[in-house]
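S.K.: Have a look at the structure that comes next, please.
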Amino acid sequence: MLHLALEKTLNLLIANGTVSLDKLEGHNIALHVPELSLSLCFVCSNARIYVLKAQLHSDVDITLNKTAFLSLLRGAELRDLITNEEVLIHGNVKVAQALSDLFAEASIDIEELISHHTGDIVARQLGKVIRFAKKYPNNLIGIVETMKDDFSTLLITPSHSRFFNKGEK
Amino acid sequence: MGKATHFGYQQVDAADKQGLVKGVFDSVANNYDLMNDVLSFGAHRLWKRYTVGLSNVGKGDKVLDVAGGTGDLAIKFREKVGETGQVILSDINGAMLEEGRKNLIDRGLVDVGFVQANAEFLPFKDNTFDCVSIAFGLRNVTNKEGALKQMHRVLKKGGCLLVLEFSKVDNVMLGKFYDFYSFNVIPKLGGLIANDEESYQYLAESIRKHPDQETLKQMALDAGFTFCEYHNLSGGIVALHKAVKA
Numbered sequence: 013m014l015h016l017a018l019e020k021t022l023n024l025l026i027a028n029g030t031v032s033l034d035k036l037e038g039h040n041i042a043l044h045v046p047e048l049s050l051s052l053c054f055v056c057s058n059a060r061i062y063v064l065k066a067q068l069h070s071d072v073d074i075t076l077n078k079t080a081f082l083s084l085l086r087g088a089e090l091r092d093l094i095t096n097e098e099v100l101i102h103g104n105v106k107v108a109q110a111l112s113d114l115f116a117e118a119s120i121d122i123e124e125l126i127s128h129h130t131g132d133i134v135a136r137q138l139g140k141v142i143r144f145a146k147k148y149p150n151n152l153i154g155i156v157e158t159m160k161d162d163f164s165t166l167l168i169t170p171s172h173s174r175f176f177n178k179g180e181k
Numbered sequence: 009m010g011k012a013t014h015f016g017y018q019q020v021d022a023a024d025k026q027g028l029v030k031g032v033f034d035s036v037a038n039n040y041d042l043m044n045d046v047l048s049f050g051a052h053r054l055w056k057r058y059t060v061g062l063s064n065v066g067k068g069d070k071v072l073d074v075a076g077g078t079g080d081l082a083i084k085f086r087e088k089v090g091e092t093g094q095v096i097l098s099d100i101n102g103a104m105l106e107e108g109r110k111n112l113i114d115r116g117l118v119d120v121g122f123v124q125a126n127a128e129f130l131p132f133k134d135n136t137f138d139c140v141s142i143a144f145g146l147r148n149v150t151n152k153e154g155a156l157k158q159m160h161r162v163l164k165k166g167g168c169l170l171v172l173e174f175s176k177v178d179n180v181m182l183g184k185f186y187d188f189y190s191f192n193v194i195p196k197l198g199g200l201i202a203n204d205e206e207s208y209q210y211l212a213e214s215i216r217k218h219p220d221q222e223t224l225k226q227m228a229l230d231a232g233f234t235f236c237e238y239h240n241l242s243g244g245i246v247a248l249h250k251a252v253k254a
């Protein structure tokens, strides 16, 4: 579910104009975090981003440790991570930098996202809604819709991560 | 008999299936929404909301809802795309399309397009839509592979296909309950509420004949989609396949 939450968050920010996908349009980026057994592929096309668990042909492969992954999502400078040898990059470094810039613009609250894996789904869902409400205080309809979406997700997908993992391929 | 296919548990000529399915939906169109609510205990609304939530559809996008029937998804997509976008609801069945038209007009949505079309021969140009959806429709299509190829064709690069459909339950106990419910309760409720037990017997049978999650995923990939993933909902009673033309 991490990839879905990440995809939804990024696309919401793209739609709101908070972040831009211009430099990434048409590119695929693979990101590996071996410590978390996590491999994601970011597919940027048609002004939106898909975050997949699948392995696709990519323009750049980024491998990094858990700490660097969290730092990257918080907007850390990619070159600092490279200097500290926390990141390995194979392929187009400019594309990797563009992804790093995207995360920096988005300032994703990764603790909130991965709290899902600790079972704290309700906190995560509510956290998303609260942050959305703080960010867009005038968009009450959007908040209500977001709450409905999140509530639907909670209702139709059981709250055990085992089930989530089993249900996604 | 020409090329055979299934209609529920019956083997029928492939050329006859479309007419038989038409008969089912002509019969159930008037009570379709009511029966969906009753039979799924309202869960179909949550499954559809989840589907639209995963679509990444935004303002200004073009969406095609294939086999859109009474318009549940089209209504939700219209909210997402706004006035600058476009939603087209298509269905092969005129009676279902008429129900969809009524539902949308009742909600004041007059700018959704309606097209009576066979999913196997979509009358749209290549690379037209940002998103194509088909909810509880694919299992009724005779040539599913052909329909998937058509949906791939009309999608823009970077567009996504969403297939919401009954699938294979992934829990033994739930499966036993679900089988009992499907074959003993659903047809009876169909007879009681819609006065049409036979059509709802077909519903239960057609679900069992529909490809399982992995098979449908492979079919989407074979149709040309770059990747496809699926999400089991309600223990696999329903699965949402999301395929992208990257």
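Protein sequence lines correspond, in order, to chains A and B. Residue 181, in the working numbering, is where the first sequence stops; the numbers in between run on with no holes. Residue 254, in the working numbering, is where the second sequence stops; the numbers in between run on with no holes. All C-beta atoms in this analysis are idealised placements derived from N, C-alpha and C, irrespective of residue type, glycine included.
1) Which two residues bound the contiguous alpha helix (DSSP H) that contains residue 110(B)?
2) Do you know whose CA, among 117(B), 180(B), 111(B), 124(B), lies nearest residue 102(B)'s CA?
3) Which residues in chain B have a C-beta closer than 8 Å to the C-beta of residue 65(A)? List them in chain order.
4) Rank 147(B), 185(B), 118(B), 138(B) by C-alpha distance to the C-alpha of residue 16(B) and give the top, closest one.
5) Is DSSP giving residue 250(B) helix, strand or coil here?
6) Give me the subset of the segment 155 to 182 of chain B whose CB atoms are less than 8 Å from a CB atom of chain A, sorted by chain position.
7) Examine chain B for any beta-carbon lying closer than 7 Å to the beta-carbon of residue 17(A), and answer yes or no.
8) Is there a C-beta anywhere in chain B that falls below 7 Å from the one on residue 152(A)?
9) Can you have a look at residue 134(B) and say buried or exposed, based on whether 16 or more other CB atoms are within 10 angstroms of its CB?
10) Whole angstroms are fine: how far does the CA of residue 89(A) sit from the CA of residue 153(B)?
11) Nearest-angstrom Cα distance between residue 36(B) and residue 208(B)?
12) So, is residue 59(B) buried or exposed, given that buried needs 16 or more other C-beta atoms within 10 angstroms?
13) Check each candidate in 43(A), 14(A), 59(A), 39(A) and name the one with the smallest Cα separation from residue 23(A).
14) Apart from the five residues just before and just after residue 47(B), which ones in its own chain have a Cβ nearer than 7 Å to its Cβ?
15) Which of the three DSSP states is assigned to residue 94(B) in this structure?
16) What is the rounded straight-line gap between the Cα of residue 146(A) and the Cα of residue 63(B)?
17) Does the segment 109 to 121 of chain B come within contact of the segment 152 to 170 of chain B, defined as at least 3 CB pairs closer than 8 Å?
18) Using the three-state DSSP reduction, which class does residue 121(B) fall into: helix, strand or coil?
19) Three-state secondary structure (DSSP) at residue 138(B)?
20) Curious, which full-length alpha helix (DSSP H) runs of at least 4 residues does the segment 10 to 47 of chain B contain?
21) Drop a sphere of 10 angstroms on the beta-carbon of residue 240(B), count the other beta-carbons inside from all chains shown, and report buried for 16 or more, exposed for fewer.
22) Leaving aside the five residues before and after residue 13(B) along the sequence, list all residues of the same chain whose C-beta is less than 8 Å from its C-beta, in chain order.
23) Given a limit of 8 Å on CB to CB distance, which residues of the segment 66 to 85 of chain A reach chain B?
24) Determine whether the beta carbon atoms of residue 202(B) and residue 221(B) lie at a separation below 7 Å.
25) Is residue 47(A) buried or exposed, if buried means 16 or more other CB atoms sit within 10 Å of its CB?
26) Taking just the CA atoms, how far does residue 102(A) sit from residue 94(A)?
27) Shortest alpha-carbon distance to residue 67(A) belongs to which of 44(A), 105(A), 86(A)?
28) Could one say the Cβ of residue 64(B) lies closer than 7 Å to chain A's Cβ atoms, at least one of them?
29) Quick one: which chain B residues come within Cβ less than 9 Å of residue 104(A)?
30) Alpha helix (DSSP H) containing residue 23(A): first to last residue?
31) Nearest to residue 160(B) by CA position, among 253(B), 216(B), 10(B), is which residue?
32) Could you confirm whether any beta carbon from chain A is found closer than 7 Å to the beta carbon of residue 254(B)?
33) How about residue 27(A): is its C-beta nearer than 7 Å to some C-beta of chain B?
34) Can you pull the chain A neighbours of residue 67(B), defined as C-beta to C-beta under 9 Å?
35) Would you decide whether residue 111(A) is buried or exposed? Buried here means 16 or more other CB atoms lie within 10 Å of its CB.
36) Near residue 131(B), which residues of its chain fall below 6 Å by C-beta distance, leaving aside the five closest residues on each side in sequence?
M.R.: Here's the rundown:
1) One-based indexing of the second sequence puts residue 110(B) at position 102. Here the alpha helix (DSSP H) through residue 110(B) covers 102 to 114.
2) Translated into the one-based positions of the second sequence, residue 102(B) becomes position 94. Nearest C-alpha to residue 102(B): 124(B).
3) Working through the first sequence from its first residue, we reach residue 65(A) at position 53. Per Cβ cutoff of 8 Å: 237.
4) As a working note, residue 16(B) is residue 8 in the second sequence. Answer by Cα proximity: 147(B).
5) If you number the second sequence from 1, residue 250(B) lands on position 242. Of the three classes helix, strand and coil, the one that applies to residue 250(B) here is strand, per DSSP.
6) 164, 165, 166, 167, 168, 178
7) Position 5 of the first sequence holds residue 17(A). No, residue 17(A) lies away from the interface with chain B (no Cβ there is under 7 Å from its Cβ).
8) Residue mapping note: residue 152(A) aligns to position 140 of the first sequence, counting from 1. Caution applies to residue 152(A), whose pLDDT of 45 falls short of 50 and renders its modelled position unreliable; the model cannot decide the point.
9) As a first step, residue 134(B) is located in the second sequence; it is residue number 126 there, counting from the start. Counting every other CB atom within 10 Å of its CB across the protein chains shown gives residue 134(B) a total below 16, marking it as exposed.
10) Stepping through the second sequence from its first residue, residue 153(B) is reached at position 145. Stepping through the first sequence from its first residue, residue 89(A) is reached at position 77. Using only the alpha carbons, I get a separation of about 46 Å.
11) Reading the second sequence from its first residue, position 28 is the one you call residue 36(B). Reading the second sequence from its first residue, position 200 is the one you call residue 208(B). If I take the Cα positions, the gap works out to 9 Å.
12) If you number the second sequence from 1, residue 59(B) lands on position 51. Buried, since its Cβ has 16 or more Cβ neighbours within 10 Å.
13) Numbered from its first residue, the first sequence carries residue 23(A) at position 11. Closest option to residue 23(A), Cα to Cα, is 59(A).
14) In the second sequence, residue 47(B) corresponds to position 39, counting from 1. Correct list, in chain order: 194, 197.
15) For the purposes of this step, residue 94(B) is identified with residue 86 of the second sequence, where counting begins at 1. Looking at residue 94(B) - three-state DSSP - the assignment turns out to be strand.
16) Here the question's residue 146(A) lines up with position 134 in the first sequence. Here the question's residue 63(B) lines up with position 55 in the second sequence. With a pLDDT of only 47 at residue 146(A), under 50, the local geometry of the prediction cannot be trusted, and the value read off the model is given with reservation. Distance from the CA of residue 146(A) to the CA of residue 63(B), rounded to the nearest whole angstrom, comes to 25 Å.
17) no
18) The residue labelled residue 121(B) in the question sits at position 113 within the second sequence. The DSSP-derived three-state label of residue 121(B) is strand.
19) One-based indexing of the second sequence puts residue 138(B) at position 130. Note: residue 138(B) maps to strand in three-state DSSP.
20) 22 to 36
21) The residue you call residue 240(B) lines up with position 232 of the second sequence. Residue 240(B) should be labelled buried.
22) Start at 1 with the first residue of the second sequence, and residue 13(B) comes out as number 5. Counting only Cβ-Cβ distances below 8 Å, and skipping sequence neighbours, we find 19, 20, 21, 22, 25, 150.
23) 66, 68
24) Residue 202(B) sits at position 194 when you count from the first residue of the second sequence. Residue 221(B) sits at position 213 when you count from the first residue of the second sequence. No.
25) Looking up residue 47(A) in the first sequence gives position 35. Exposed, because fewer than 16 other Cβ atoms sit within 10 Å of the Cβ of residue 47(A).
26) Locating residue 94(A) in the first sequence gives position 82, counting from the first residue. Locating residue 102(A) in the first sequence gives position 90, counting from the first residue. Cα to Cα, residue 94(A) sits roughly 12 Å from residue 102(A).
27) For this step, residue 67(A) is matched to residue 55 along the first sequence. The option with the nearest alpha carbon to residue 67(A) is 44(A).
28) To locate residue 64(B), count along the second sequence from 1; it is residue 56. Output row for residue 64(B): interface = yes.
29) Mapped onto the first sequence, residue 104(A) falls at position 92. Going along chain B, no residue has its Cβ under 9 Å from residue 104(A), so there is no contact; the nearest lies around 17 Å.
30) Numbered from its first residue, the first sequence carries residue 23(A) at position 11. Taken as a continuous stretch (DSSP letters only), the alpha helix (DSSP H) holding residue 23(A) covers 14 to 27.
31) Within the second sequence, the letter at position 152 stands for residue 160(B). Closest option to residue 160(B), Cα to Cα, is 253(B).
32) Position 246 of the second sequence, counted from the first residue, corresponds to residue 254(B). It does: the Cβ of residue 254(B) has a partner Cβ on chain A nearer than 7 Å.
33) Your numbering for residue 27(A) matches position 15 in the first sequence. Closer than 7 Å: yes.
34) As a working mapping, residue 67(B) is identified with position 59 in the second sequence. Here the neighbours are 27.
35) As a first step, residue 111(A) is located in the first sequence; it is residue number 99 there, counting from the start. So residue 111(A) ends up on the buried side.
36) Mapped onto the second sequence, residue 131(B) falls at position 123. Beyond the five residues adjoining it in sequence on each side, residue 131(B) comes within less than 6 Å, by CB distance, of 125 in the same chain, given in chain order.
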